[in-house]
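For the record, in the sequence shown the residue sitting at position 42 is 45 according to the numbering used here, with numbers rising by one throughout.
Heads up, the beta-carbon is just placed ideally off N, CA and C, and yes, glycines get one too.
Predicted model only: the values in this text are computed from it and were never measured.
Following: one structure in structure tokens, then a few remarks.
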Amino acid sequence: MTAPKTAMVLAAGLGTRMRPLTDDRPKALVEVGGRALIDHVLDRMAQAGVERAVVNVHWFADRLESHLAARGRGPDIVISDERAELLETGGGLKKARPLLGDDPVFVANIDSVWIDRGDALADLVRLWNPETMDAALLLARRDGSIGFEGNGDFFLDDAISGEGGRLTFRGDAPSAPFAYMGVHITRPGYADQGPDGPFSLTPLWRRSAAEGRLFGCVLDGDWMHVGDPQARDQAEARLAGAA
């Protein structure tokens with residue numbers, strides 16, 4: 004498969020857990036290692052071949068738009084305006100549908116930073132097959148990740164030597180080895196059947212998983228989930244150590 008040329012970047016959240024760093028800015032503009040979180044993501048997307056990024060905005064939207072306008076490098080930016088109502092992941096994707104075109108897209112959170120020992124996004128592109136999949140998710144091993152405090156999200160079936168496989172949710176198990184690390188590939192219309200207003204992609208993923216159409220592959224590297232000030236400090240230290 005060729006890499007998606009368009010990305011949906013989910014940057015509209017309130018960043019409540021990141022306060023006080025988000026008292027005067029959106030979470031997307033919190034800096035880690037000298038770069039705003041959204042620049043980490045957009046630079047990754049550009050390296051993967053993305054030419055156009057649709058970015059949703061809500062909290063301190065004007066400030067985020069000004070930052071994006073001044074970036075001075077690709078990808079080209081299109082704004083999906085959620086000032087009137089914060090729509091969550093599924094609602095945000097559904098609202099942005101007219102801006103995304105008809106080809107598969109990357110969908111990326113802005114609180115995910117990673118050190119890549121391979122080429123994670125290229126691995127995800129190689130995994131993606133629209134005939135057999137609704138979505139292909141990039142995963143991280145829960146053990147050793149920075150800033151992720153949950154019990155894991157997924158089990159990965161049929162994985163061979165690190166290659167991708169079918170995903171099942173953790174369900175009633177006490178833990179699962181893999182966490183979603185904030186980037187996936189899907190069809191731009193995947194959320195179209197969701198309800199009006201705010202909703203999460205997770206119920207759609209659960210349905211796809213039950214139908215055997217949710218897949219994933221695992222990052223060869225170090226993942227930092229930058230969700231609060233402590234995780235931001237830990238990520239800065241990890242990036243400084245890798246420099």
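Bridge partner(s) assigned by DSSP for residue i
i: L71; result: Paired residues: none, contrary to the question.
i: Y183; result: L142
i: R38; result: V35
i: G174; result: In the DSSP output, where bridge partners are listed per residue, G174 has none listed.
i: D79; result: R55
i: T189; result: V108, A138
i: T9; result: R55
i: G168; result: G219
Exposed unless 16 or more other CB atoms sit within 10 angstroms - verdict on residue i
i: G93; result: buried
i: T135; result: exposed
i: P191; result: buried
i: A247; result: Residue coverage of the chain in this structure runs from 4 to 246, which leaves residue 247 outside it and unanswerable.
i: A240; result: exposed
i: E152; result: exposed
i: T19; result: exposed
i: S148; result: buried
i: A73; result: exposed
i: S83; result: buried
i: A56; result: buried
i: S7; result: Just to set this straight, residue 7 is Pro in the shown sequence, not Ser. By the neighbour-count rule (16 or more Cβ atoms within 10 Å), P7 is buried.
i: T25; result: buried
i: R210; result: exposed
i: I163; result: Interpretation of I163 is limited by its pLDDT of 49, a score under 50 that renders its predicted location unreliable; no figure is taken from the coordinates.
i: G197; result: buried
i: A213; result: exposed
i: G230; result: buried
i: G200; result: exposed
Assigned secondary structure, residue i (DSSP; H/G/I helix, E/B strand, else coil)
i: D84; result: strand
i: M136; result: coil
i: A56; result: strand
i: D156; result: coil
i: A14; result: coil
i: G200; result: coil
Nearest candidate by alpha-carbon position, reference residue i, set the options
i: V58; options: R76, A10, F181; result: A10
i: R66; options: G121, I41, L45, L89; result: I41
i: D114; options: R210, G224, P201, G150; result: G150
i: D175; options: R120, N154, V186, E68; result: N154
i: A64; options: K97, R28, R74; result: R28
i: N112; options: D119, R144, I188, E68; result: I188
i: V116; options: S83, L170, L17, Y183; result: Y183
i: P107; options: V53, R74, V60; result: V53
i: W208; options: K30, D223, G219, E34; result: G219
i: A243; options: V35, K30, S203, K8; result: V35
i: F172; options: A125, D156, H228; result: D156
i: R76; options: A14, P180, P201, Q50; result: Q50
i: A247; options: W226, A15, L204, G197; result: Lying outside 4 to 246, the shown extent of the chain, residue 247 is not represented and no answer is given.
i: G95; options: D231, V110, P7; result: V110
i: G215; options: G168, D199, A14, T5; result: G168
i: G224; options: S203, G104, F202, D126; result: D126
i: A139; options: W131, F158, K30; result: W131
i: K98; options: V44, R38, V12; result: V12
i: D137; options: H70, H228, L217, P232; result: L217
i: A238; options: P23, A15, T5, A39; result: A39
i: I118; options: H228, F158, P232, V33; result: H228
i: G104; options: V81, S69, L71, A31; result: V81
i: L222; options: R235, A123, S69; result: A123
i: A234; options: T5, V33, L17, G16; result: V33
Residue i at chain C interface by Cβ criterion, 8 angstroms
i: R129; result: In the structure shown, chain C cannot be found, because there is only a single protein chain.
beta-carbon residue i near the ligand COA non-hydrogen atom, thresh 7 angstroms
i: D65; result: This structure lacks the ligand COA; in fact it carries no ligand of any kind.
Ordered list of alpha helix (DSSP H) runs contained in the region 84-125, each at least 4 residues: List check, alpha helix (DSSP H) in window: 91-99.
Identify every run of the beta strand (DSSP E) within the region 207-241, keeping only runs that are complete inside it and at least 3 residues long; order them along the chain. Unbroken beta strand (DSSP E) runs of no fewer than 3 residues, entirely contained in the region 207-241, are found at 217-221, 224-228, following chain order.
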